[in-house]
Amino acid sequence: MKEYGFENSSAASGLLDHLTGLPAMTLFLDLADKGCRKIVQDGEQAAILFFDICGMKNYNHKYGFAEGDSILKAFAAILERLFYKDHCSRFIQDHFVVFCSEKESGEKIQALFDEWQESDLKQTLPIRVGVYVIDSERFDLITACDNAKAASDVIRNTFISRVNYYDKALQTDLEKRDHIVSNFDRALSEQWIQVYYQPIVRTVNGRVCDEEALSRWVDPERGMLAPDEFIGILEDAHLIYKLDLYVVEQIIRKIGTMKKEGLHIVPQSVNLSRIDFEECDIVEEICKRMDEAGLEHSLLNIEITESIVASDFDYMKTQIERFRNLGFQVWMDDFGSGYSSLDVLQDLTFDLIKFDMRFVKRLDDSMNSRIILTELMRMATALGLETVCEGIESKEHVEFLGDIGCCKLQGYYYAKPMPLNDILDRYRNGEQIGFENPEESGYFDTLGRINLYDLDWIMADNMLNTERVYESVPMVIMELNDEAVRIVRSNASYRDFSERTFERNIGKEFERFETIPEHHQQYFLAPMLQCAKSGTRMLVDEQFANNTTVHTFMRRVACNPISGTKSVAVAILSVTDDAPGASYLKNTEEP
Ligand code: C2E
Ligand code: MG
Ligand code: MG
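Here our numbering runs 512 ahead of the position in the sequence shown, where the first position is 1.
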């Protein structure tokens, strides 16, 4: 087996494994070759089973190597009991291989899972099992073991023991993997890999404000491959950083071409993978390339998915900060596609969040998804983040997302990803969506963030400050019965307003009507009582002696079925005095 350095392995030269006493690899290969041939000659099928104990590294780390050795011995003992000792082997570490007749393999694997589950260990680790079936005498045992291992390797992130059989689909997949990995360098040098660009459009002016670089593999034999057919493979092979740096280099060349064409240069987004951060100092590598080309870092947006961040939070936090301190924008891609989105937002600073396409997909058929997206947008904006929705495919999407204050939009409605030449052709033919002048970006950004369903935007002083969330219309909920009234809840704006405006305010305890100033009883309490009883919504103007009028809107919100108490929500719309339009509300004047 290539992977184990079988031919020159000194560990494999001993006949028995020193730890478990099972046949070592060399002996096993000999025994299994003969054994499998015999099974096939007897008219049955043979099976090679490859066992991998998941999580051994952590187990050793947690309990020490001596405990780790015990777990391996315990596993070997079960194998020996269920299969004959001469049919089993430990190849290396926690990798065991067994041969048996295919007929009995399923039952025995299940028996092994059951015994393993019941064994008296500190922690039971899941087992992944790959099975390769031998059905003719023309087999190569080393390939059979490799294939069984490959079948086990594709079982990912499992918390329970599982079996996978090597079959045609897996074979095709492995061939494809092999094709991608072995041709990758050639694909880069001969430009099979092309970078396509998709415009990201500013909602408020319909102009391209950013572009996202997306890779395509145009294979001479297999045709066009989409990223999901090669990105994962390049990640598994730890080669993806080469692709991502290549994309950055292509972006740099593109910016040069666009400059020559006299086009506005908008920031370009590049997608990074987790492995990029492991295989090289990606921050440094990207920075170096931008600097060599004399380009401002703000021209490159770094897109990182929430799953990358969640995989190693502290480390990624540092890397994101490094990028941001160097002037790159960092965008969180596919927000909402995993379970950790909100956690990630609590502790990390991004410049923008890109909502996962599934949010937009569901807008068409569910009111709930509209509500969720509206609230998430409000949250993102309150955190001071810009927002993009991907997967925009219709005019209705554009209108709705514009209304709720989504800053930027990306999707087939505007354009599919396309190569640079197509962008230039479209531009020359006058078909291209115009590019935004970057000097106007800040202005349009501010306009675009306003949620048109949210009155607070107009009232608030500082539109982009996180504290804006709490600068809202003064609002109070009052509870009344036939003779008394009290405040149940009020917001900070109301408390501030009432302190500045009224000499005396109703408190948290019930107060009888007669203790309240008569003027207030007549002009405020009376309509509120009417509202509480009838449920009619009311606009009430209460005039005070100094020619001040407080304009309120009130509506009943609930009736207590037991006590008969009713509650009424009151919003202070404005306060005016003699001078028309003048207001007592704090912070309403332009700075
Ligand atoms: P992503 O970064 O979330 O990119 C958006 C994907 O949505 C792209 O798919 C794009 O073509 C597609 N898309 C855009 N608008 C629409 C629409 O209106 N409807 C539909 N149905 N789809 C739309 P693509 O190009 O297939 O890329 C898939 C993923 O592959 C990307 O997701 C990104 O995570 C990854 N990827 C692509 N290129 C690279 C790369 O060069 N490096 C790395 N590391 N990842 C890449
Ligand atoms: Mg992306
Ligand atoms: Mg995305």
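Yeah, the Cβ is synthetic: ideal placement off N, Cα and C, and Gly gets one too.
This structure is a prediction, so every number in the text was calculated from the model and none was measured.
Beta-ladder partner(s) of residue i, from DSSP
i, result
"Q635", "According to DSSP, Q635 bridges with nothing at all."
"T817", "D845"
"P1104", "A question about residue 1104 goes unanswered here, because the residues of the chain that appear run from 513 up to 1103."
"A996", "R1024"
"Y677", "V643"
"W729", "I705, L737"
"Q780", "E723, L812"
"T1088", "T1061"
"P535", "L528"
"A699", "Paired residues: none, contrary to the question."
"V610", "L561, C600"
"V1167", "Residue 1167 lies beyond the residue range present for the chain, which begins at 513 and ends at 1103; the question has no answer from this structure."
"E991", "R998, S1079"
"R714", "K920"
"F947", "V720"
Other residues of its chain near residue i: CB distance less than 8 Å, five sequence neighbours each side excluded
i, result
"L528", "L534, P535, A536, L539"
"W628", "F587, I590, T636, I639, S673"
"I764", "R801, M802, A805, L807"
"D756", "V782, N783, L784, S785, D788, I794"
"G1019", "R998, I999"
"L838", "V795, C799, H809"
"I1028", "V997, I1018, L1037"
"H607", "F562, F563, D564, K661"
"E1101", "Because E1101 sits at a pLDDT of 39, beneath the cut-off of 50, its placement in the model cannot be relied upon, and the following sentence gives the value as read from the coordinates. Closer than 8 Å at the Cβ level, and outside the excluded window around E1101, lies no residue."
"V693", "I745, L746, A749, L751"
"E905", "V872, G923, Y924, Y925"
Residues near residue i in its chain [Cβ-Cβ closer than 7 Å; skip 5 each side]
i, result
"A623", "L594"
"D581", "L531"
"K615", "E556"
"R1024", "E995, A996"
"H691", "none"
"D1053", "T1061, H1063"
"E791", "H750, Y753"
Buried or exposed by the 16-neighbour rule on C-beta atoms within 10 Å, applied to residue i
i, result
"E898", "buried"
"E948", "buried"
"M736", "exposed"
"I883", "exposed"
"V1087", "buried"
"L857", "buried"
"P1103", "Note that P1103 scores 36 on pLDDT, short of 50, meaning its location in the model is unreliable; the coordinates nonetheless yield the value given after this. The residue is exposed, with fewer than 16 neighbouring Cβ atoms inside 10 Å."
"S617", "buried"
"L561", "buried"
"D846", "buried"
"M1066", "buried"
"H750", "exposed"
"A738", "exposed"
"S1046", "exposed"
"D722", "buried"
"M879", "exposed"
"H909", "buried"
"Y827", "exposed"
"F577", "exposed"
"Q703", "exposed"
"I1074", "exposed"
"N1072", "exposed"
Nonlocal neighbours in the same chain, by C-beta distance under 6 Å from residue i, ignoring five residues either side
i, result
"S673", "F625, P638, I639"
"K766", "L932"
"G946", "R719"
"I798", "V760"
"N659", "Y644, Y678"
"L885", "F871"
"G914", "T715"
"R602", "D529, T532, L534, F608"
"K1098", "Any reading at K1098 is ruled out, since the residue's pLDDT is 35, under 50, leaving its predicted position unreliable."
"L888", "none"
"P1092", "With a pLDDT of 45 at P1092, under the threshold of 50, the modelled position of this residue cannot be trusted, and the question is left open."
"I820", "R786"
Mind listing which residues have their beta carbon within less than 6 Å of any non-hydrogen atom of ligand 3? Chain order is fine. D845, D846, K866, E902
Restricting to runs no shorter than 3 residues, where is the beta strand (DSSP E) found entirely within the segment 1004-1085? 1050-1055, 1061-1071
Ignoring anything shorter than 4 residues or poking outside the segment 855-936, list the alpha helix (DSSP H) runs there in chain order. 869-875, 879-894, 907-915
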